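Undergrad:
Written out as structure tokens, the structure reads:
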């Protein structure tokens with residue numbers, strides 16, 4: 004993240020309201036995409052995401068086997084993960100927790116990913132709650148519900 008004049012790299016703008024009430028709102032710099040991966044990590048490409056999805060579909064029972072199904076899952080992985088390391092962790096964790104696609108699916112994958120990372124898209128579909136393995140809401144996860 005580059006230095007931001009508005010928030011000083013905190014990602015939050017402090018607002019003074021009436022009666023001395025203060026609040027914080029997200030700064031616009033939080034919405035900008037990073038152009039460089041974290042040090043020592045590799046940016047996720049469509050090819051590496053497709054490779055990870057291929058391994059997932061081969062492991063889980065009832066997972067999509069068609070090219071169209073795998074392309075949809077690959078697109079979802081690309082919308083969540085920023086690095087190869089994140090995608091690898093996601094596939095390994097899903098395979099450790101589930102044996103069947105019907106018990107996990109795409110919403111379950113997003114919940115598992117949210118237990119460790121904030122998704123790249125930083126939003127969940129309406130009606131889905133981010134729950135980590137301990138059954139608790141994922142700490143520090145920003146959730147925006149949109150219809």
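Residue numbers (my numbering): 4 to 150.
C-beta: ideal position from N, C-alpha, C; glycine also.
Bear in mind the structure is a predicted one, so any value in this text is a computation, not a measurement.
(1) Taking just the CA atoms, how far does residue 10 sit from residue 25?
(2) Report the three-state DSSP secondary structure of residue 67 (helix, strand or coil).
(3) So, helix, strand or coil for residue 18, using DSSP?
(4) Tell me which residues share the same chain as residue 61 and place their Cβ nearer than 6 Å to its Cβ, disregarding the 5 neighbours each side in the sequence.
(5) Terminal residues of the continuous beta strand (DSSP E) containing residue 27?
(6) Hey, quick one: how far does the alpha helix (DSSP H) through residue 114 stretch, first residue to last?
(7) Hey, out of 117, 72, 59, whose CA is closest to residue 102's CA?
(8) Contact check, residue 49 vs residue 77 under 8 Å by CB: the rounded distance?
(9) Which whole-angstrom value describes the C-beta separation of residue 79 and residue 47, a residue pair presumed to lie in contact below a C-beta threshold of 8 Å?
(10) So, at 6 Å on beta carbons, what are the nonlocal neighbours of residue 93 in its own chain, with the 5 sequence-adjacent residues on each side left out?
(11) Taking buried to mean at least 16 other C-beta atoms within 10 Å of its own C-beta, is residue 69 buried or exposed?
(12) Excluding the five sequence neighbours on either side, which residues of its own chain have a C-beta within less than 7 Å of the C-beta of residue 30, listed in chain order?
(13) Cutting at 8 Å between CB atoms, please list the residues of its own chain near residue 52, excluding the five before and the five after it.
(14) What residue range is occupied by the uninterrupted alpha helix (DSSP H) comprising residue 93?
TA: Result, derived from the coordinates:
(1) 15 Å
(2) coil
(3) strand
(4) none
(5) 25-29
(6) 108-117
(7) 59
(8) 7 Å
(9) With a Cβ gap of about 12 Å, residue 79 and residue 47 do not count as contacting.
(10) 116
(11) exposed
(12) 7, 9, 10, 14, 15, 16
(13) 77, 80, 81, 84, 90
(14) 87-100
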